[in-house]
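Residue 714 is where the sequence shown starts when you use our numbering, and the numbers rise one by one after that.
Glycine is no exception: its CB is placed at the ideal position from the N, C-alpha and C atoms.
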Amino acid sequence: MKIAVVTGATQGLGLALVESLAQRMNPEDTVYLTGRDSTRVQQAVETLPAGGARVRGEVFDVAVPDAAARFAELLRERHGGVDIVFNNAVMRVGPDDDPRAIVDEYTQVNNFGTTRVLRAFAPLLRDDARLIVVASSLGTLHHLAPVLHSRFAELSSLDAVDEQVAAWRDAVRDGSARAGAWPGFVNIPSKIAQVAAVRALASARRAEDRRRGILLAAVCPGMINTPTSGLWWDVSTAPSPAQAAVPLADLALGPVDPAHYGELVRFGKVLPWSVGGAVR
(Lines of atoms letter the chains of each structure in order from A and count residues from 1; the text may use other names and numbers.)
(Lines give C-alpha, C1' and ligand atoms only; values in the text may rest on other atoms or scores of the structure.)
Protein backbone atom coordinates (compact mmCIF):
# COMPACT_ATOMS: atom_id res chain seq x y z
CA MET A 1 0.00 0.00 0.00
CA LYS A 2 1.37 3.41 -1.04
CA ILE A 3 0.55 6.77 0.52
CA ALA A 4 0.80 10.00 -1.48
CA VAL A 5 0.30 13.60 -0.34
CA VAL A 6 -0.25 16.68 -2.50
CA THR A 7 -0.37 20.12 -0.89
CA GLY A 8 -2.26 23.01 -2.47
CA ALA A 9 -4.45 20.50 -4.27
CA THR A 10 -7.91 22.07 -4.50
CA GLN A 11 -7.34 23.53 -7.98
CA GLY A 12 -4.98 23.81 -10.93
CA LEU A 13 -1.84 21.73 -11.01
CA GLY A 14 -2.32 20.34 -7.50
CA LEU A 15 -5.75 18.94 -8.30
CA ALA A 16 -4.46 17.57 -11.60
CA LEU A 17 -1.59 15.89 -9.77
CA VAL A 18 -3.97 14.18 -7.37
CA GLU A 19 -6.05 12.87 -10.27
CA SER A 20 -3.01 11.72 -12.25
CA LEU A 21 -1.50 9.91 -9.27
CA ALA A 22 -4.78 8.33 -8.23
CA GLN A 23 -5.54 7.03 -11.72
CA ARG A 24 -2.10 5.42 -11.96
CA MET A 25 -1.95 3.96 -8.46
CA ASN A 26 -3.72 0.89 -7.09
CA PRO A 27 -7.06 0.64 -5.26
CA GLU A 28 -5.33 -0.21 -1.99
CA ASP A 29 -3.29 3.03 -2.19
CA THR A 30 -4.35 6.44 -0.85
CA VAL A 31 -3.73 9.92 -2.24
CA TYR A 32 -4.27 12.78 0.20
CA LEU A 33 -5.75 15.88 -1.42
CA THR A 34 -4.95 18.75 0.93
CA GLY A 35 -5.77 22.43 1.15
CA ARG A 36 -6.45 25.07 3.74
CA ASP A 37 -10.25 25.32 3.34
CA SER A 38 -12.38 22.33 4.30
CA THR A 39 -15.22 23.16 1.90
CA ARG A 40 -12.92 23.51 -1.08
CA VAL A 41 -11.09 20.32 -0.13
CA GLN A 42 -14.34 18.35 -0.07
CA GLN A 43 -15.57 19.92 -3.32
CA ALA A 44 -12.27 19.06 -5.01
CA VAL A 45 -12.47 15.44 -3.88
CA GLU A 46 -16.00 15.19 -5.30
CA THR A 47 -14.87 16.38 -8.75
CA LEU A 48 -12.46 13.50 -9.25
CA PRO A 49 -13.38 10.45 -11.31
CA ALA A 50 -13.70 7.03 -9.73
CA GLY A 51 -11.07 4.37 -10.17
CA GLY A 52 -7.51 3.86 -9.08
CA ALA A 53 -6.36 4.86 -5.62
CA ARG A 54 -8.61 6.19 -2.90
CA VAL A 55 -8.54 10.00 -2.67
CA ARG A 56 -8.87 11.34 0.85
CA GLY A 57 -9.30 15.03 1.62
CA GLU A 58 -7.55 16.65 4.57
CA VAL A 59 -7.25 20.25 5.73
CA PHE A 60 -3.58 21.25 5.76
CA ASP A 61 -2.38 24.85 5.60
CA VAL A 62 1.39 24.98 5.13
CA ALA A 63 1.42 28.60 6.37
CA VAL A 64 0.44 27.52 9.88
CA PRO A 65 3.73 26.95 11.75
CA ASP A 66 2.92 23.59 13.34
CA ALA A 67 0.52 22.24 10.71
CA ALA A 68 3.08 20.23 8.74
CA ALA A 69 4.42 18.52 11.84
CA ARG A 70 0.89 17.70 13.05
CA PHE A 71 -0.22 16.33 9.68
CA ALA A 72 2.96 14.28 9.31
CA GLU A 73 2.40 12.77 12.76
CA LEU A 74 -1.19 11.92 11.80
CA LEU A 75 0.04 10.05 8.73
CA ARG A 76 2.71 8.30 10.78
CA GLU A 77 -0.01 7.04 13.13
CA ARG A 78 -2.32 5.98 10.30
CA HIS A 79 0.16 4.50 7.85
CA GLY A 80 3.63 4.35 9.40
CA GLY A 81 5.17 6.45 6.61
CA VAL A 82 4.64 8.03 3.19
CA ASP A 83 5.74 7.16 -0.33
CA ILE A 84 5.08 10.31 -2.39
CA VAL A 85 4.93 13.94 -1.26
CA PHE A 86 4.39 16.84 -3.63
CA ASN A 87 4.84 20.24 -2.01
CA ASN A 88 2.72 22.28 -4.39
CA ALA A 89 1.06 24.87 -2.12
CA VAL A 90 1.61 28.38 -3.43
CA MET A 91 0.33 31.88 -2.86
CA ARG A 92 -0.14 33.45 -6.26
CA VAL A 93 0.58 37.10 -6.98
CA GLY A 94 -0.58 39.38 -9.75
CA PRO A 95 1.06 42.30 -11.54
CA ASP A 96 -0.92 44.80 -9.48
CA ASP A 97 0.08 43.38 -6.09
CA ASP A 98 2.43 45.50 -3.99
CA PRO A 99 5.31 43.20 -2.94
CA ARG A 100 5.70 45.10 0.33
CA ALA A 101 2.09 44.40 1.26
CA ILE A 102 2.05 40.69 0.41
CA VAL A 103 5.58 39.48 1.13
CA ASP A 104 4.86 38.28 4.69
CA GLU A 105 2.00 36.00 3.68
CA TYR A 106 3.78 35.07 0.46
CA THR A 107 6.90 33.79 2.20
CA GLN A 108 4.88 32.01 4.89
CA VAL A 109 3.21 29.90 2.20
CA ASN A 110 5.80 29.56 -0.54
CA ASN A 111 9.03 29.42 1.43
CA PHE A 112 8.59 28.74 5.11
CA GLY A 113 5.77 26.40 4.07
CA THR A 114 8.24 24.53 1.86
CA THR A 115 10.85 24.10 4.59
CA ARG A 116 8.17 23.03 7.07
CA VAL A 117 7.00 20.30 4.69
CA LEU A 118 10.56 19.15 4.07
CA ARG A 119 11.32 18.97 7.80
CA ALA A 120 8.09 17.19 8.65
CA PHE A 121 7.89 14.62 5.87
CA ALA A 122 11.52 13.70 5.20
CA PRO A 123 11.66 11.49 8.33
CA LEU A 124 8.52 9.63 7.17
CA LEU A 125 9.84 8.60 3.77
CA ARG A 126 9.79 4.87 3.11
CA ASP A 127 12.25 3.10 0.87
CA ASP A 128 11.81 4.16 -2.78
CA ALA A 129 9.82 7.26 -1.73
CA ARG A 130 9.66 10.60 -3.54
CA LEU A 131 9.74 14.04 -1.89
CA ILE A 132 9.25 16.66 -4.60
CA VAL A 133 8.94 20.46 -4.38
CA VAL A 134 7.07 22.10 -7.25
CA ALA A 135 9.22 25.11 -8.13
CA SER A 136 10.11 26.83 -11.41
CA SER A 137 12.90 27.32 -13.91
CA LEU A 138 13.19 30.76 -12.26
CA GLY A 139 14.67 28.93 -9.27
CA THR A 140 18.29 29.01 -10.40
CA LEU A 141 21.07 31.46 -9.69
CA HIS A 142 21.02 32.51 -13.36
CA HIS A 143 18.09 34.77 -12.51
CA LEU A 144 19.77 36.48 -9.56
CA ALA A 145 22.33 39.28 -9.62
CA PRO A 146 25.84 37.80 -9.08
CA VAL A 147 26.32 39.94 -5.98
CA LEU A 148 23.51 37.95 -4.35
CA HIS A 149 24.58 34.44 -5.35
CA SER A 150 26.34 33.78 -2.06
CA ARG A 151 23.04 34.22 -0.22
CA PHE A 152 21.75 30.89 -1.55
CA ALA A 153 24.63 29.18 -3.37
CA GLU A 154 25.70 26.46 -0.95
CA LEU A 155 23.45 26.56 2.11
CA SER A 156 23.84 23.48 4.26
CA SER A 157 20.62 23.49 6.31
CA LEU A 158 16.96 24.40 6.12
CA ASP A 159 17.51 26.84 8.99
CA ALA A 160 20.09 28.67 6.88
CA VAL A 161 17.62 28.86 3.99
CA ASP A 162 14.96 30.28 6.30
CA GLU A 163 17.42 32.92 7.53
CA GLN A 164 18.13 34.10 3.99
CA VAL A 165 14.43 34.14 3.11
CA ALA A 166 13.70 36.21 6.21
CA ALA A 167 16.43 38.70 5.28
CA TRP A 168 15.05 39.05 1.74
CA ARG A 169 11.48 39.36 3.06
CA ASP A 170 12.53 42.13 5.42
CA ALA A 171 14.29 43.98 2.62
CA VAL A 172 11.17 43.79 0.45
CA ARG A 173 8.98 44.93 3.31
CA ASP A 174 11.09 47.97 4.20
CA GLY A 175 11.65 48.93 0.57
CA SER A 176 15.41 48.36 0.47
CA ALA A 177 15.30 45.27 -1.75
CA ARG A 178 15.70 47.06 -5.07
CA ALA A 179 18.67 49.06 -3.80
CA GLY A 180 20.21 45.76 -2.76
CA ALA A 181 19.94 44.33 -6.31
CA TRP A 182 17.02 42.03 -5.53
CA PRO A 183 14.70 41.50 -8.53
CA GLY A 184 11.33 43.22 -8.31
CA PHE A 185 9.48 40.02 -9.28
CA VAL A 186 9.10 38.23 -5.95
CA ASN A 187 8.73 34.85 -7.63
CA ILE A 188 12.42 34.80 -8.51
CA PRO A 189 14.02 34.92 -5.02
CA SER A 190 11.20 32.73 -3.71
CA LYS A 191 11.74 29.99 -6.28
CA ILE A 192 15.51 30.16 -5.83
CA ALA A 193 15.01 29.70 -2.09
CA GLN A 194 12.76 26.68 -2.69
CA VAL A 195 15.42 25.00 -4.80
CA ALA A 196 18.08 26.00 -2.25
CA ALA A 197 16.00 24.26 0.42
CA VAL A 198 15.91 21.04 -1.60
CA ARG A 199 19.64 21.24 -2.17
CA ALA A 200 20.34 21.91 1.52
CA LEU A 201 18.30 18.93 2.69
CA ALA A 202 19.81 16.76 -0.03
CA SER A 203 23.32 17.59 1.12
CA ALA A 204 22.55 15.96 4.48
CA ARG A 205 20.60 12.96 3.16
CA ARG A 206 22.26 12.09 -0.14
CA ALA A 207 24.10 8.87 0.69
CA GLU A 208 21.33 7.30 2.75
CA ASP A 209 18.58 8.32 0.33
CA ARG A 210 20.44 6.87 -2.62
CA ARG A 211 20.95 3.62 -0.72
CA ARG A 212 17.21 3.46 -0.01
CA GLY A 213 16.10 4.48 -3.50
CA ILE A 214 14.58 7.78 -2.34
CA LEU A 215 14.30 10.77 -4.66
CA LEU A 216 14.42 14.29 -3.25
CA ALA A 217 14.11 16.92 -5.96
CA ALA A 218 12.56 20.17 -7.14
CA VAL A 219 10.56 20.17 -10.34
CA CYS A 220 9.55 22.81 -12.87
CA PRO A 221 6.22 21.99 -14.55
CA GLY A 222 6.79 24.57 -17.28
CA MET A 223 4.30 27.21 -18.33
CA ILE A 224 0.69 26.22 -17.56
CA ASN A 225 -2.53 27.66 -18.90
CA THR A 226 -4.10 28.99 -15.69
CA PRO A 227 -5.88 32.28 -14.93
CA THR A 228 -3.03 33.43 -12.67
CA SER A 229 -0.33 32.76 -15.27
CA GLY A 230 -2.51 34.56 -17.78
CA LEU A 231 -2.15 37.76 -15.76
CA TRP A 232 1.57 37.77 -16.55
CA TRP A 233 2.04 35.98 -19.87
CA ASP A 234 0.22 34.77 -22.96
CA VAL A 235 -0.58 31.20 -21.96
CA SER A 236 -3.13 30.49 -24.67
CA THR A 237 -0.96 27.75 -26.17
CA ALA A 238 0.47 26.45 -22.87
CA PRO A 239 -0.44 22.99 -21.54
CA SER A 240 -3.44 22.56 -19.28
CA PRO A 241 -2.87 21.57 -15.63
CA ALA A 242 -3.79 18.00 -16.52
CA GLN A 243 -1.17 17.92 -19.27
CA ALA A 244 1.45 19.57 -17.05
CA ALA A 245 0.83 17.00 -14.30
CA VAL A 246 1.88 14.05 -16.48
CA PRO A 247 5.70 14.48 -16.35
CA LEU A 248 5.48 15.26 -12.63
CA ALA A 249 3.56 12.06 -11.98
CA ASP A 250 6.11 10.23 -14.14
CA LEU A 251 8.85 11.56 -11.86
CA ALA A 252 6.98 10.31 -8.80
CA LEU A 253 5.97 6.91 -10.11
CA GLY A 254 8.80 6.01 -12.46
CA PRO A 255 12.30 4.71 -11.73
CA VAL A 256 14.75 7.07 -10.05
CA ASP A 257 17.41 8.76 -12.15
CA PRO A 258 20.31 9.35 -9.73
CA ALA A 259 21.20 12.54 -11.62
CA HIS A 260 17.90 14.09 -10.48
CA TYR A 261 18.68 13.82 -6.78
CA GLY A 262 18.84 17.22 -5.07
CA GLU A 263 18.36 19.07 -8.35
CA LEU A 264 15.75 21.10 -10.22
CA VAL A 265 14.23 18.95 -12.96
CA ARG A 266 12.18 20.06 -15.96
CA PHE A 267 10.73 17.50 -18.38
CA GLY A 268 13.21 14.90 -17.17
CA LYS A 269 16.28 17.12 -17.54
CA VAL A 270 18.32 18.77 -14.79
CA LEU A 271 18.49 22.57 -14.91
CA PRO A 272 21.95 23.74 -13.79
CA TRP A 273 21.91 25.60 -10.49
CA SER A 274 24.51 28.17 -11.51
CA VAL A 275 26.27 29.47 -14.61
CA GLY A 276 28.90 26.93 -15.52
CA GLY A 277 27.99 24.92 -12.44
CA ALA A 278 28.46 21.18 -12.53
CA VAL A 279 25.43 19.02 -11.90
CA ARG A 280 26.02 16.98 -8.76
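- By the Cβ neighbour-count rule, ASP947 is exposed, with fewer than 16 other Cβ atoms within 10 Å of its own.
- For the pair of segments examined, the segment 891-910 was found to touch the segment 839-854: the number of CB pairs separated by less than 8 Å reaches three.
- Ranking PRO896, GLN724 and LEU734 by CA distance to the CA of GLY967 puts LEU734 first.
- Looking at the backbone, the Cα of TRP986 and that of ALA931 are separated by about 11 Å.
- Taken through DSSP and simplified to helix, strand or coil, ILE927 comes out as coil.
- Where ASP963 is concerned, the enclosing alpha helix (DSSP H) starts and stops at 954-966.
- Looking at ALA842, GLY826, ASN823 and PRO896, the one whose alpha-carbon comes closest to that of HIS855 is PRO896.
- The three-state secondary structure of ASP840, taken from DSSP, is strand.
- In the structure shown, the three-state DSSP call for LYS715 is coil.
- The distance from the Cβ of ASP840 to that of ARG925 is about 5 Å, consistent with a contact at the 8 Å cut-off.
- If the five residues before and after GLY893 are omitted, its C-beta is found closer than 6 Å to the C-beta atoms of ALA884, all from its own chain and listed in chain order.
- Taking the Cα of ILE927 as reference, the smallest distance to any Cα among ASP817, ASN938, VAL983 and LEU838 is reached at LEU838.
- Here VAL816 really is in contact with ARG882; their C-beta atoms are around 5 Å apart, less than 8 Å.
- Between VAL959 and HIS973 a beta carbon distance of about 17 Å is seen, past the 8 Å cut, so the two are scored as non-contacting.
- Counting other Cβ atoms within 10 Å of its Cβ, LEU787 stays below 16 and is therefore classed as exposed.
- In summary, VAL806 is buried, with 16 or more beta-carbon neighbours lying within 10 Å of its beta-carbon over all protein chains present.
- Taking every protein chain shown into account, the CB of VAL860 has fewer than 16 other CB atoms within 10 angstroms, so this residue is exposed.
- Counting along the chain, LEU871 sits inside the alpha helix (DSSP H) bounded by residues 871-886.
- The Cβ neighbour count for ARG864, taken over all protein chains shown within 10 Å, is at least 16; the residue is labelled buried.
- For ILE797, there is no enclosing alpha helix (DSSP H); the enclosing beta strand (DSSP E) covers residues 795-800.
- Counting only residues of its own chain and dropping the five nearest sequence neighbours on each side, GLN736 has a CB closer than 7 Å to the CB of GLY764 and GLY765.
- Of the candidates GLU921, ASP875, MET738 and GLY721, the residue whose Cα lies closest to the Cα of PRO902 is ASP875.
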